[in-house]
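First up is the structure itself, then whatever we jot down about it.
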Amino acid sequence: MTEQALSASGGTLSAPSRTLLSCLIAGATLVGLLPYALFLGRHEIAIVAIGTAVVTAAAAMRLRGIASFATEAPAVGEILLAAWNAVAFGALLSLLGMTVHWGIGTLLRLVRWLVGLFGGTLSLAIETWSFWGSLAFAAMMALGVGFAAADEQSKKLYPDTAGVRSPFFSLLAEPKRLLVAGLVSAAALAAILIFFDHRSTGFSVALAVYLFYTGISLESLQKSGGGKPGRSRAVQAVGKLLAAAGYQWISSPRTGRSQVDPLICTVDLLAISPRQALVIEIKGGDDEKQPVEWHEASRVSTAAWALQDVLREEQPSLHAQPMLVLIGRRPGESLHRYLRDEHVALAQFPDAKALDRVLSEEDSDRLRSLAVEHLGLKAVASSGTIPALGPPVSRT
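Counting along the sequence shown from 1, when you hit position 36 you're at 1280 in the numbering used here, and nothing is skipped either side.
Here it is as C-alpha cells:
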C-alpha cells in the first residue's frame, strides 16, 4: 500500500490552500486595523498597509510548516465566515495599539506632573512619543498575530481529519441563525456609525470592540478534541507504559482517508506490537463523577474496526484491539454489559496522581510492572513498528 499515511500529522498545506489563507488573513487584518489607523489620525493608509503586510508575511511563513490531512476544500460561505472570524486578530491589534498609546501618554503626563510638584519643568512631546511608541509595540505584536492567525484559520478551514468539514459549515446549515446574527451585527454597526463622530476616539474604540467581539464570537463554533486539561499528560503517561511494555505508539493517528478518519478522530493513541495494534481512547478529566457508559466504548470499538483493514495492508498479521483507558472514572453498568459482549479491553488509573507516578518513574522494571497493573499489558518483543504507508491524500 503506497497511497495513504498513518501518522500523527498530515502533509503540508498545498500551495492553493496557503494562498487562500494568506489572502484571507490579509483582508481580515486590513479591516481589523482600520480603527487603529483612524485613532492615530495620521498616515492612515501607510499604517494599515504596513501592518497588513507584516501580519500577512508572518502568516505566510507559518503556513509553510503547518500540516493537515483534510480532504475537503472549504466552500465560499465557510471562507467568508472564517475571514470575519480572522478580523478579530486585526481588531485585537487595534485595541492593543490604542491601549499602549493611551498608557504612554498617561505615564508621560504623570512624570511631567511629578516634576512640576518639585518646581521643575519638563518639556515632552507627548503625542509624538505616544504615536511612535504605540506603533513600535503594534509592529512587534503583528508578528505574533500573524502566526496565531495562521494556526487558527488553518485548523478551522482545513481540519486535521480527512472528510471532516470546517466548524463554520454547521452555521451555514442554519440559515435562520445566520440571518439573525447578521441582522444583530448590522444593527450594532449602524448604531456606532450614527452615534459616534467618525473622527473621534470613541468611534475608533467602539469600532475596534465591535470588530473584535463579532469576530471572536465565531470561536464558539470550533470544537477541539484535544484541548481538555490533563489530556496531554494522560497520553504521555499511557505512552510511557506502552513503550516500557515494548509497543511503538503515536498519538491522534490519521490515515488521510475520508472514509476512515472521521471514525477514528476520538482515538488518543495507536500502539503497535508484532501481532497486535491497540486502538486507545482515554476517558477522564472534567467528568470524573460520571460513570462511563457503553456508548463511550462503542466509539473506540468502531475506530478499531475502521483501522483494521488499513493496518493489515501493511502488516497482514496485525489485529486491532480497542482499549478504553479510564482516568479516575468508574465503569457504568451498561459498560460492564457491553464489555461482556464486545472485545474491548478496559484499563483503569485510580486518579490523576497515578499518572504523576508513571511520569516521574524512570526504572524500566518498575514501569513494566505499572504497565501490567494499569493496562494489563505484559512486555512483548519490541519489534512492532508504526506502518508508514506513503504520503497523505493531496488536496487543493
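Each residue gets a CB set at the ideal place from its N, CA and C atoms; glycine is no exception.
Small disclaimer: the values here were computed from a predicted structure and weren't measured.
From residue i to residue j, what distance separates their C-alpha atoms?
i     : j     : result
A1450 : Y1280 : 11 Å
V1292 : A1319 : 28 Å
L1284 : L1462 : 29 Å
R1421 : L1427 : 10 Å
V1544 : G1377 : 54 Å
Q1492 : S1517 : 7 Å
W1346 : I1370 : 10 Å
G1576 : P1535 : 5 Å
F1413 : A1327 : 14 Å
A1335 : L1277 : 6 Å
A1564 : A1478 : 21 Å
D1340 : A1382 : According to the sequence displayed, residue 1340 carries Leu and not Asp. Cα to Cα, L1340 sits roughly 7 Å from A1382.
L1485 : K1622 : 10 Å
R1308 : A1392 : 14 Å
S1613 : A1489 : 9 Å
A1311 : C1267 : 19 Å
T1263 : A1304 : 8 Å
R1574 : A1548 : 22 Å
E1288 : E1537 : 59 Å
V1624 : R1306 : 41 Å
T1510 : R1409 : 16 Å
S1398 : P1411 : 12 Å
G1390 : L1416 : 27 Å
S1429 : E1316 : 29 Å
V1453 : D1553 : 52 Å
L1514 : T1350 : 56 Å
V1355 : G1528 : 54 Å
For a test of the three-state rule: what should DSSP assign to residue i, helix, strand or coil?
i     : result
Q1552 : helix
S1517 : coil
Q1503 : coil
E1525 : strand
A1417 : coil
L1361 : helix
R1573 : coil
L1562 : coil
G1471 : Residue placement at G1471 is poorly supported in this model, since its pLDDT is 46, which falls under 50; the coordinates still yield a value, given next. The answer is coil: DSSP assigns G1471 none of H, G, I, E or B.
A1319 : coil
V1292 : helix
V1536 : strand
A1311 : strand
G1483 : helix
A1598 : helix
H1618 : helix
D1395 : helix
R1409 : coil
C1267 : helix
P1260 : helix
Y1402 : coil
V1544 : helix
T1510 : coil
G1285 : coil
V1624 : coil
E1557 : helix
L1351 : helix
Going by DSSP, name the residue or residues bridged to residue i.
i     : result
A1302 : A1302 pairs with nothing; no bridge assigned.
W1493 : A1515
M1567 : I1524 and A1589
With a 10 Å radius around its C-beta and 16 neighbouring C-beta atoms as the bar for buried, classify residue i as buried or exposed.
i     : result
T1300 : buried
S1561 : exposed
G1360 : exposed
L1603 : exposed
A1431 : exposed
L1358 : exposed
H1587 : exposed
K1400 : buried
P1403 : buried
E1322 : buried
E1418 : exposed
A1259 : exposed
R1601 : exposed
A1380 : exposed
F1333 : buried
H1618 : buried
F1439 : exposed
Y1582 : buried
G1364 : exposed
P1497 : buried
V1213 : There is simply no residue 1213 to check, as the chain begins at 1245 and stops at 1640 in what is shown.
Exercise. Which full runs of the alpha helix (DSSP H) of 4+ residues lie inside the stretch 1419-1461, going along the chain?
Worked result: 1419-1439 and 1445-1460
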